[in-house]
Amino acid sequence: MYPERPAGIAFGGDYNPEQWPRETLDEDVALMREAGVNLVSLGIFSWALMEPEEGRYTFGWLDDVIDRLHEGGVAVDLATPTAAPPAWFVARHPDVLPVTKEGTRIGFGGRQSACSSAPAFRAATARLVRALGEHYRGHPAVVMWHVHNEYGAPLGECYCEHSVAAWRVWLRQTYRDIAALNDAWGATFWGQTYTDWSEIDAPRANHTVLNPAQRLDYARFSDGQHREHYALQRDILRELTPGIPVTTNFAGTVNCKSTDLWRWAREVDVIANDHYLKAERPDNHIDLAMSADLARSVAGGAPWMLMEHSAGAVNWQPRNLAKRPGELRRNSLAHVARGSDSVLFFQWRASRFGAEKFHSGLVPHAGTDSAQWREVVRLGGDLRALAGVRGGRVRAEVAIVWDWESYWALELDWRPSVDLTFRERMDAFYEALWREHVTVDFVHPSADISGYRVVVTPSSYLLTEAAAKNLHRYVEAGGNLLVSYFSGIVDEHDTLHPGAYPGALRELLGLSIEEFHPLREDETVELGGQESITARVWSERIRPAGAVTVRAFAGGPDAGHPAFTRHDLGAGTAWYLATAPVTAPVTGPVTGPVTGSAAGLRELLAQVLDHANVSRPRGLPDTLELVRRGGHVFLINHGDDPVTVEGVSGVSVFDGMRHDGAVTVAPGAVTVVVETVH
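At position 309 of the sequence shown the residue is numbered 332 (the numbering used here), and the sequence of numbers has no breaks.
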């Protein structure tokens with residue numbers, strides 16, 4: 024369910040009029056009209072104003088704002104302000120303040136400063152949301168409900184007494200019998216066998232590592248508690264305002280580790296995502312594209328909402344770099360290209376006080392006589408011109424397997440190497456595909472993947488038996504699967520699959536692994552071939568059992584043994600890569616993840632793509648982003664030189680220019696063409 028209004032692409036962002044004098048409201052509405060703003064989010068952190076004391080609700084100030092916005096043609100995404108409980112509530116119920124795993128109860132004054140499991144917090148939430156829903160049901164300006172704010176960031180897990188009580192209930196419901204829990208957790212290790220549910224505590228800080236299965240379950244439980252708190256509010260709002268979509272804004276699909284968005288997607292009416300550039304990453308537009316593709320994928324391919332991004336600099340990174348000229352436009356239109364039907368920002372007007380006063384706004388501190396404001400106005404015009412994109416779908420021939428549970432499990436303690444991180448492999452494979460101009464979807468390992476020519480599993484350390492069988496069926500039916508190292512190792516309880524590595528994937532890949540050989544921090548190995556490829560992080564001793572060697576290790580602990588293999592199975596092919604290729608030979612110490620590691624990987628990945636007949640443009644520089652959405656082709660030039668793209672015919676949306684087979688995109692520019700149907 025997507026809001027029927029506003030028409031076209033929604034444009035606007037968080038609006039916090041409570042930070043400004045009343046006369047600013049009229050100025051803001053006038054400026055919103057000038058820029059083309061048609062949707063704002065209201066009330067996200069306004070609990071203290073909505074309920075200044077228990078049970079006394081004061082919505083008059085908000086009525087004034089919503090009515091004035093409505094008169095100005097601006098629709099409202101109305102928030103429930105539960106991410107910021109007021110001081111009076113916390114003073115009365117100090118037990119709602121979350122507790123860290125070290126046992127410290129946090130203080131008041133931040134956001135997300137209440138435990139989702141705390142009964143007093145849930146009761147107050149229900150009362151407030153009911154009052155808010157009853158007051159605004161039927162108001163023509165309110166087109167969507169915005170519950171809470173960024174669940175899971177910064178509060179992922181809480182270790183208070185309420186969480187522990189809820190945790191024990193969750194365990195009883197999940198396992199039913201304590202013997203089943205002991206078996207799932209491998210409780211005989213280190214003498215951890217439980218005889219009663221009351222003996223089980225949260226996995227608090229310890230002088231050594233804790234049971235990984237317990238920690239994995241606590242991550243599942245904690246995420247579920249946040250979903251329960253969301254659903255409590257959603258159900259009240261659905262009861263009072265049927266037909267109005269209810270959502271919450273995700274704290275960045277690729278950057279919020281604590282939320283399993285495959286599960287969250289079942290609870291929200293529309294996927295809404297926040298994304299902020301990693302300012303110092305030179306190719307941060309690739310991270311942006313990855314976040315947008317994951318948001319679209321979580322939405323099942325349906326249109327989604329970009330709920331927050333920044334007009335300029337943020338205020339919470341080590342170095343908060345301002346966006347370069349044209350970057351605001353490129354960022355915004357890249358999200359639209361990849362499925363968003365909105366371009367919303369944090370925030371409308373930059374704040375003068377508080378923790379985020381150096382965070383950019385659509386209206387900057389410099390005011391409207393500024394380059395940023397002129398870019399904002401131009402963007403509003405672009406989005407009006409792109410109204411026909413709304414509802415369009417993005418089609419992908421390649422999918423990447425992404426599983427938050429594998430993310431959680433992989434990054435627990437005592438793995439074979441500290442360099443084994445979920446995002447490192449995800450980023451490397453996504454970057455390689457992006458630079459190959461391949462648009463991708465993300466999928467859960469148990470999803471229907473039959474429609475993809477290629478499926479890539481960069482980091483499936485945790486893989487259930489059912490998911491492994493799903494991948495097996497995909498290959499036998501004619502699919503092409505590319506698996507990266509340290510995948511298929513454990514089941515849902517972080518227990519090793521029986522037999523030799525890679526456990527659940529042995530038969531599918533046609534090989535077994537005799538031993539892992541993680542590499543030292545500054546160690547590299549070569550992959551032989553016509554042109555050698557340098558790799559780092561990982562090596563392993565592979566024994567083929569049906570697989571054939573495409574590339575072998577030319578050095579290191581596994582010299583002469585397979586590094587890249589192919590296994591034809593049924594009508595399809597399973598490929599396996601046992602190391603991490605880097606861009607070029609490394610001549611000095613490597614002290615962290617290698618960015619831009621796609622070059623060697625691209626060469627190997629291209630073999631898989633070509634084998635599967637994946638269509639993609641050839642000969643384009645990897646600074647040019649090309650995405651097709653519906654009948655529109657988006658061409659975004661992230662480089663400093665003009666780029667001519669062949670094979671595109673149609674009419675440019677922004678200037679009406681007709682193109683017959685070739686489009687030249689200026690440096691830093693965006694061209695969108697409505698393609699001619701032949």
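Glycine is no exception: its CB is placed at the ideal position from the N, C-alpha and C atoms.
Owing to the predicted nature of the structure, the values given are computational and were not obtained by experimental measurement.
Please work out which residues of its chain come closer than 8 Å, Cβ to Cβ, to residue i, disregarding the five sequence neighbours upstream and downstream, and give them in chain order.
{"i": "LEU351", "result": "ALA334, GLY335, GLN395, GLU398, VAL399 and LEU402"}
{"i": "ARG195", "result": "TRP220"}
{"i": "VAL571", "result": "THR588, ARG589 and HIS590"}
{"i": "LEU344", "result": "ALA302, GLU303 and ALA336"}
{"i": "ILE259", "result": "ALA149, VAL152, ARG153 and GLY156"}
{"i": "ALA189", "result": "SER140, PHE244 and GLN248"}
Leaving out five residues before and five after residue i in sequence, what residues of the same chain have Cβ atoms less than 6 Å from its Cβ?
{"i": "TRP427", "result": "ASP283"}
{"i": "PRO29", "result": "ASN61, LEU62 and ALA98"}
{"i": "ALA141", "result": "VAL119 and HIS185"}
{"i": "ALA318", "result": "THR276, ILE294, ASN296 and TRP327"}
{"i": "ARG529", "result": "SER535"}
{"i": "ALA288", "result": "VAL321"}
{"i": "VAL113", "result": "PHE131"}
{"i": "LEU600", "result": "SER507 and PHE587"}
{"i": "LEU505", "result": "VAL479, TRP598 and VAL631"}
What is the DSSP secondary structure of residue i, reduced to helix, strand or coil?
{"i": "PHE368", "result": "strand"}
{"i": "PRO177", "result": "coil"}
{"i": "ASN61", "result": "coil"}
{"i": "SER620", "result": "With a pLDDT of 45 at SER620, under the threshold of 50, the modelled position of this residue cannot be trusted; read the value that follows with caution. Looking at SER620 - three-state DSSP - the assignment turns out to be coil, as it is neither helix nor strand."}
{"i": "GLU251", "result": "helix"}
{"i": "GLY156", "result": "helix"}
{"i": "ILE294", "result": "coil"}
{"i": "TRP193", "result": "helix"}
{"i": "ARG289", "result": "coil"}
{"i": "ARG651", "result": "strand"}
{"i": "LEU600", "result": "strand"}
{"i": "ALA577", "result": "coil"}
{"i": "PHE273", "result": "strand"}
{"i": "GLY628", "result": "Sequence inspection shows Leu at residue 628; the Gly mentioned does not correspond to that position. Looking at LEU628 - three-state DSSP - the assignment turns out to be helix."}
{"i": "ALA685", "result": "strand"}
{"i": "MET24", "result": "coil"}
Output needed for residue i: all residues of its chain with C-beta closer than 7 Å, excluding positions within five of it in sequence on either side, in chain order.
{"i": "TRP437", "result": "VAL232"}
{"i": "LEU101", "result": "LEU65, GLY66, TYR159, VAL165, TRP168 and HIS169"}
{"i": "CYS279", "result": "GLY175, ALA176 and PHE273"}
{"i": "GLY578", "result": "VAL548 and GLU549"}
Rounded to whole angstroms, how far is the Cβ of residue i from the Cβ of residue j, which I believe are closer than 8 Å?
{"i": "VAL412", "j": "VAL366", "result": "Incorrect: roughly 11 Å between the Cβ atoms, too far for contact."}
{"i": "HIS516", "j": "ALA207", "result": "5 Å"}
{"i": "SER440", "j": "THR480", "result": "SER440 to THR480, Cβ: 19 Å. No contact."}
{"i": "ASP316", "j": "ARG361", "result": "6 Å"}
{"i": "GLY31", "j": "ARG56", "result": "Contact doesn't hold; Cβ gap of about 15 Å is too wide."}
{"i": "VAL668", "j": "LEU658", "result": "6 Å"}
{"i": "THR602", "j": "VAL573", "result": "With a Cβ gap of about 13 Å, THR602 and VAL573 do not count as contacting."}
{"i": "GLU420", "j": "TYR475", "result": "6 Å"}
{"i": "GLY583", "j": "PHE576", "result": "7 Å"}
Among the options, which has the Cα closest to the Cα of residue i?
{"i": "PHE34", "options": "ALA110, THR270 and HIS332", "result": "HIS332"}
{"i": "GLN553", "options": "TRP561, GLY511, ASP517 and LEU627", "result": "LEU627"}
{"i": "VAL18", "options": "ASP37, VAL461, SER139 and ARG372", "result": "Within the shown structure, residues of the chain are numbered from 24 to 701, placing residue 18 beyond reach of any answer."}
{"i": "GLU434", "options": "VAL676, PRO235 and HIS93", "result": "PRO235"}
{"i": "THR596", "options": "VAL631, GLY623 and GLY578", "result": "VAL631"}
{"i": "THR270", "options": "MET24, GLU94, TYR241 and TRP70", "result": "MET24"}
{"i": "PRO665", "options": "GLY654, LEU647, SER675 and VAL656", "result": "LEU647"}
{"i": "PHE212", "options": "VAL548, GLU76, THR518 and ALA685", "result": "THR518"}
{"i": "HIS388", "options": "SER507, LEU85 and ARG372", "result": "ARG372"}
{"i": "ILE267", "options": "PRO163, ASP240 and ALA312", "result": "PRO163"}
{"i": "VAL696", "options": "PRO690, SER672 and LEU485", "result": "SER672"}
{"i": "ALA594", "options": "GLU499, PHE677 and ILE565", "result": "GLU499"}
{"i": "GLY414", "options": "ARG652, ASP292, PRO640 and PHE82", "result": "ARG652"}
{"i": "VAL478", "options": "VAL463, ASP224 and LYS492", "result": "VAL463"}
{"i": "ASP87", "options": "GLU46, PRO75, ASP364 and THR103", "result": "GLU46"}
{"i": "TRP43", "options": "VAL605, SER374 and SER555", "result": "SER374"}
{"i": "PRO541", "options": "GLN215, GLY526, ARG564 and LEU85", "result": "ARG564"}
{"i": "VAL700", "options": "ALA692, HIS298, GLY670 and PHE677", "result": "GLY670"}
Given the structure, does residue i come close to the ligand MN, in the sense that its CB is under 7 Å from one of the ligand's heavy atoms?
{"i": "ASP100", "result": "Within the structure as shown, the ligand MN is missing, as the structure has no ligands at all."}
So is residue i in contact with chain C if we call contact Cβ pairs under 8 Å?
{"i": "LEU542", "result": "The question asks about chain C, but that chain is absent: this structure has only one protein chain."}
For the region 465 to 552, list the alpha helix (DSSP H) runs that are entirely contained and at least 4 residues long, ordered along the chain. Listed in chain order, the complete alpha helix (DSSP H) runs (minimum 4 residues) inside the region 465 to 552 are 488 to 499 and 529 to 532.
Would you list, in sequence order, the uninterrupted beta strand (DSSP E) runs of no fewer than 3 residues that lie entirely inside the region 383 to 437? Unbroken beta strand (DSSP E) runs of no fewer than 3 residues, entirely contained in the region 383 to 437, are found at 421 to 424, following chain order.
In chain order, each beta strand (DSSP E) run of at least 3 residues that lies wholly inside the region 289 to 357: For the beta strand (DSSP E) assignment, the uninterrupted runs of no fewer than 3 residues enclosed by the region 289 to 357 are, from N- to C-terminal side, 295 to 297 and 327 to 331.
May I have a chain-ordered list of the beta strand (DSSP E) segments no shorter than 3 residues that lie completely inside the region 94 to 162? Runs found: 98 to 103.
Scan the region 657 to 682 and note each continuous beta strand (DSSP E) run of 3 residues or more that stays entirely inside, going in chain order. Segments of the beta strand (DSSP E) lying fully in the region 657 to 682: 666 to 675.
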